[in-house]
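These notes concern the structure reproduced below.
Chains as they are written, first to last, in this note's numbering: chain L, 1 to 389; chain D, 1001 to 1338.
Have a look at this one:
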C-alpha cells in the first residue's frame, strides 16, 4: 500500500513529474496547467530533481525544445493546455514522426474564441490527428497514475504522449490520492534507454522526404501507432501488479447486462457513476463506458462492451463544426459500423467552456436512452445539453 | 591558444585535404551553383573543428536545409537536426539543455558545442521570438544567420532583411511602387543588445576574418551570433561565378561592414582599402536594376545615407567602447562548468 496524500491535481501532476525526474522540462505556463510548471520549478529550485528546466518564451518553443532534447536522448516532459496546445500543433506532428517519446501533461480547457479558461475537451480533440497517444483521466488518482505510466508507454511505443485531466474541475480540485515512493516510480519506469541520440551518432534528423519516400514514412508510423493499444494494456497491467490499480484502455461500469450504455471521457465519468448507481437501484439496466485512451481509438475494446447494448449515449465535451456529432461520437459510430446489428446511438454535446454537468442532466440522457429502447430510436440523434435554449 | 583565434592557411589546407568522410560538410548537395550558403557552412564548420569538442548543427527550414537533406542522402557529416522554420533556436536550446542534464547525470562524457544555421526568414522574421528567448536564457549556441535578404527558398519574397527598393516577388518593382518600401531591420544590434557575449558580421569573401570570428564565438559558453552575407544568384540576380565578388562589393561599399561586438565592445575588424559608392554594389545585382534608372535616384540616395549613417554609428560605437564595453556577459547563475 502506498501512502495517501491530499493535493490539488496540478500539484499532484508536478509531484508525479518530480518522481519521474525527467532529464529536461521545457515549459510555458498557461491556465489551468500553470501550477504544474510552477510547482515543478520549486522542485528544481530546491534541488529535489536533477532536471534541466528550460523556462521558454512560448509553448511553440516549449515543444520545440522538448523535441530537441528528445533527439539528444533525454527523457522529456512538459505541461500545457488549450491555446498552448494549439500553438504547439505544428511541432506535435513533427514530434510524433520523429518518434520522440515526450510526455505532456494537459489540463484540458476550452479553445478561444470567445476566450474561456475552463474545462472541456476541445484542445485535445483538435490535435487528435497529430500522431500522439492521448489518455484522459477521470480524477486526481488516475491523473497521477497515467502520468507515471506515460513514460513506459511512450518509450515502448516510441510515440509522444498526452495525459490529460479536466481543467479546473479536476486540475484545481483537492483530492486524496495514493502515491508511490520515488524509488518505486524510478524502478517502474526504468532508466532511459534512448533509441537514438545526436550525441552518439552523426545522425541527420528531420530530412526532406519527397514523393519517392514520404508515404512509406507515414505508413510505417501508422502501423506502429496501431500497436499502442496493446502497449497501454500491458503497462496498465504492470502498473496494477505494482499498485493494485489495474488499468485498461477503457473502464466498464455496470455494462455487462446494461441495455443503455453511456460513453464518457474525463471527470464526468465520476458524476455518471453516481447516477448509474441511483438508476440501478431503481431497477434500470444502465451502465457506463469510460474511454481512457482517446487516441489511438481502442476499437475492439469499445465494440466488445457496446455490442450487447440496445442504446449507446455518447457524451462529448467537445464538438466538431459540421461533423457528424462530437469527436468521441464520430469514433464510436465508426467503430460500431463493423457490427451486423447496431444499437441505437445518440450524441450529447455538453459542458463546453466548463459549463456544469449535473446528475439531473445525466439522468435525462439515460432516460432518453431507455425511451428509445422501448420505442424506436431517437427523434434527434445529436443534441446539445447543458445549454440555454 | 588563449586569445588567439586565428586559423592559419596550413590548418585550412589540412582540413580541406581530408577525405570526403572526414569533411564535416560534404559536396553533392542541391544548393544552386554560386549559392553562398554552402560556402558559409564549409567555412564555419572548418573553423569549428576542435580536439576539445564536437559540433551539433541545428538547421532552420530553408534553402540550406532542403538542399542538403533529401532522403536518403545527407551532406552532413556532423549530427544535424532540423525540425521546422521558426524554432531552430528553441530546438537548439532543448538539445543544449539535454547536454547539460546528461553531463550532470554522468550519462555523457563527450564535449559539444552547438551551431544553428538559419536564413533571414528563420531569423529576422518567423524565428525571431525563439531566437530572442534562447539568447536571453543564455544557452551555449552560435547562431549563424546566412542572410540572403529575402525568402529565397519559396521564390524570392521580401523579408524584414530585404533592403529598401529591392525587387522581390512580394515587393515587385512596379510602375507605382519601386520595390520594397521599407528599410532593412538591423538584426545585429537587436541581437547584441540581448547583452550576449559575442556578435559579429562577416562575408565568405573574407574567410579568415569569418573563421576567426567563429572560433571566438565558440570560445564562449553562451549565446553568440554571426550575420553572414549570403549572395544568392537566383534572388539577387547575378551570374553564379560573381557570388564571392558581389559579397565583397557589399563590404567595399560599406553596406556590409565587417565588425564584432564582444561584451559590448565594438570593433571594426576589416576596413576596405577604399570606400566605394553604393551604386558599385547595386549595379552588380539585378534586384536593384530598376533603382539605377532615371526617376529612382532618391532611393539610391536613401540607401547611401543609410550606409553612411550606420558606418558613422559603428565608428562612434567603436570609439566610445574602446576602453570599456557597454556590458559584461553574465551567464545564468545555474551554469555548470563542462
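Just so you know, even glycine gets a beta-carbon here, dropped at the ideal spot from N, CA and C.
Buried or exposed for residue 1018(D), going by 16 or more other Cβ atoms inside 10 Å? For the purposes of this step, residue 1018(D) is identified with residue 18 of the second chain, where counting begins at 1. It counts as exposed.
Whose C-alpha, out of 186(L), 102(L), 169(L), 117(L), is nearest the C-alpha of residue 163(L)? Here residue 163(L) refers to the residue found at position 163 of the first chain. Among 186(L), 102(L), 169(L), 117(L), the Cα nearest to that of residue 163(L) belongs to 102(L).
What's the gap between the Cα of residue 77(L) and the Cα of residue 1295(D)? Counted from its first residue, the first chain places residue 77(L) at position 77. Counted from its first residue, the second chain places residue 1295(D) at position 295. Using only the alpha carbons, I get a separation of about 59 angstroms.
For residue 361(L) versus residue 350(L), is the C-beta distance shorter than 8 angstroms? Here residue 361(L) corresponds to residue number 361 of the first chain, with the count starting at 1. Here residue 350(L) corresponds to residue number 350 of the first chain, with the count starting at 1. Contact annotation: residue 361(L) and residue 350(L) have beta-carbon atoms nearer than 8 angstroms.
Alpha carbon of residue 959(D) to alpha carbon of residue 1287(D), nearest angstrom: In this structure chain D extends from 1001 to 1338, so residue 959(D) is not present and cannot be described.
List the residues of chain L whose Cβ lies closer than 9 angstroms to the Cβ of residue 1137(D), in chain order. As a first step, residue 1137(D) must be located in the second chain, where it is residue number 137. Within 9 angstroms of the CB of residue 1137(D), the CB atoms of chain L belong to 54, 55, 56, 57, in sequence order along the chain.
Considering only residues of the same chain and omitting the five flanking positions on each side of residue 1024(D), which have a CB-CB separation below 6 angstroms? On the second chain, position 24 is the one that residue 1024(D) refers to. Taken in chain order, the residues that qualify are 1045, 1077, 1078.
Amino acids of chain L, ordered along the chain, whose beta-carbon sits closer than 8 angstroms to that of residue 1099(D): As a first step, residue 1099(D) is located in the second chain; it is residue number 99 there, counting from the start. In chain order: 72, 199.
Using a cut-off of 8 angstroms between C-beta atoms, extract the partners of residue 1078(D) located in chain L. Against the second chain, residue 1078(D) aligns to sequence position 78. Neighbours of residue 1078(D) on chain L, chain order: 202.
To which residues does DSSP link residue 287(L) through a beta bridge? Along the first chain, read from residue 1 onward, the residue named residue 287(L) stands at position 287. The partner list for residue 287(L) (beta bridge, DSSP) reads 261(L).
If the criterion is Cβ atoms closer than 8 angstroms, does the pair residue 1194(D) and residue 1136(D) meet it? One-based indexing of the second chain puts residue 1194(D) at position 194. One-based indexing of the second chain puts residue 1136(D) at position 136. Taking 8 angstroms as the Cβ cut-off, residue 1194(D) and residue 1136(D) qualify as a contacting pair.
Extent of the continuous alpha helix (DSSP H) to which residue 1074(D) belongs: In the second chain, residue 1074(D) corresponds to position 74, counting from 1. First-last for residue 1074(D): undefined, no H or E at that position.
Neighbourhood of residue 1278(D) by C-beta, 7 angstroms cutoff - its chain only, sequence neighbours within 5 removed: Residue mapping note: residue 1278(D) aligns to position 278 of the second chain, counting from 1. Cβ neighbours of residue 1278(D) beyond the five flanking positions: 1253, 1255, 1300, 1303, 1304, 1307.
Counting C-beta neighbours from all protein chains within 10 Å, is the total for residue 1181(D) 16 or more, i.e. buried, or is it exposed? Translated into positions along the second chain, residue 1181(D) becomes position 181. Flag for residue 1181(D) reads exposed.
Terminal residues of the continuous alpha helix (DSSP H) containing residue 399(L)? Since the first and last residues shown for chain L are 1 and 389, residue 399(L) lies out of range.
Would you say residue 69(L) faces chain D, with C-beta separation under 8 angstroms as the test? Residue mapping note: residue 69(L) aligns to position 69 of the first chain, counting from 1. Cβ-Cβ to chain D under 8 angstroms: yes for residue 69(L).
C-beta neighbour in chain L for residue 1002(D), strict 8 angstroms: If you number the second chain from 1, residue 1002(D) lands on position 2. At residue 1002(D), the pLDDT of 47 sits below 50, so the modelled position is not reliable; the number obtained from the coordinates is stated separately. It does not; no Cβ of chain L falls within 8 angstroms.
Scan the stretch 200 to 228 of chain L for residues whose Cβ lies nearer than 9 angstroms to a Cβ of chain D and list them as they occur along the chain. 200, 201, 202, 203, 204, 205, 206, 207, 208, 209, 210, 212, 213, 214, 217
Nearest to residue 329(L) by alpha carbon, out of 353(L), 357(L), 290(L)? Counting from one through the first chain, the residue named residue 329(L) turns up at place 329. That would be 290(L), whose Cα lies nearest to the Cα of residue 329(L).
Residue interval of the beta strand (DSSP E) (run including residue 1156(D)): As a first step, residue 1156(D) is located in the second chain; it is residue number 156 there, counting from the start. Taken as a continuous stretch (DSSP letters only), residue 1156(D) belongs to no beta strand (DSSP E), as it is neither H nor E.
Quick test of the definition: if touching needs 3 or more C-beta pairs under 8 angstroms, does the stretch 147 to 154 of chain L touch the stretch 121 to 130 of chain L? no
Using DSSP with H/G/I as helix, E/B as strand and the rest coil, what is residue 1169(D)? Position 169 of the second chain, counting from 1, holds the residue named residue 1169(D). Coil.
Please determine, among 113(L), 138(L), 30(L), the residue with the shortest C-alpha to C-alpha distance to residue 268(L). Mapped onto the first chain, residue 268(L) falls at position 268. Of the candidates 113(L), 138(L), 30(L), the one whose C-alpha sits nearest the C-alpha of residue 268(L) is 138(L).
Let me know the secondary structure DSSP gives residue 1251(D) once reduced to three states. Residue numbering aside, residue 1251(D) sits at position 251 when the second chain is read from its first letter. In this structure, residue 1251(D) counts as helix in the three-state DSSP scheme.
Whose C-alpha, out of 1222(D), 1269(D), 1234(D), 1185(D), is nearest the C-alpha of residue 1335(D)? Numbered from its first residue, the second chain carries residue 1335(D) at position 335. The shortest Cα separation from residue 1335(D) among 1222(D), 1269(D), 1234(D), 1185(D) belongs to 1222(D).
I'd like to know whether the C-beta atoms of residue 140(L) and residue 288(L) end up nearer to each other than 8 angstroms. Position 140 of the first chain, counted from the first residue, corresponds to residue 140(L). Position 288 of the first chain, counted from the first residue, corresponds to residue 288(L). Their beta carbons are not under 8 angstroms apart, which means residue 140(L) does not touch residue 288(L) by this criterion.
If you drop the 5 nearest sequence neighbours on each side, which residues of the same chain put their C-beta closer than 6 angstroms to that of residue 1002(D)? Counting from one through the second chain, the residue named residue 1002(D) turns up at place 2. Caution is warranted here: a pLDDT of 47 is assigned to residue 1002(D), below 50, making its placement in the model unreliable, and the coordinate value is therefore given only provisionally. Same-chain partners within the cutoff: there are none.
For the alpha helix (DSSP H) holding residue 61(L), just list the boundary residues, first then last. For the purposes of this step, residue 61(L) is taken as the residue at position 61 of the first chain. Start and end: 59 to 71.
At 7 angstroms on the CB atoms, spell out the chain D contacts of residue 90(L), in chain order. Taking the first chain and counting its residues from 1, the one referred to as residue 90(L) is at position 90. Correct list: 1084.
Any C-beta of chain L sitting closer than 8 angstroms to the C-beta of residue 1092(D)? Working through the second chain from its first residue, we reach residue 1092(D) at position 92. Closer than 8 angstroms: yes.
For the stretch 6 to 36 of chain L, list every residue whose C-beta sits within 8 angstroms of some C-beta in chain D, in sequence order. Those would be 23, 24, 26, in chain order.
Do you know offhand how far residue 355(L)'s Cα is from residue 1171(D)'s? Translated into the one-based positions of the first chain, residue 355(L) becomes position 355. Translated into the one-based positions of the second chain, residue 1171(D) becomes position 171. Approximately 49 angstroms between the Cα atoms of the pair.
Taking three-plus beta-carbon pairs below 8 angstroms as touching, is the stretch 208 to 226 of chain L in contact with the stretch 1087 to 1105 of chain D? no
On the DSSP bridge list, what partners appear for residue 1116(D)? In the second chain, residue 1116(D) corresponds to position 116, counting from 1. The bridge partners DSSP lists for residue 1116(D) are 1058(D), 1143(D).
In chain L, which residues lie less than 7 angstroms from residue 1133(D) when you measure between Cβ atoms? Here residue 1133(D) corresponds to residue number 133 of the second chain, with the count starting at 1. Within chain L, the residues near residue 1133(D) are 56, 57, 61.
In three-state terms, what does DSSP make of residue 337(L)? Within the first chain, residue 337(L) is the residue found at index 337, counting from 1. Coil.
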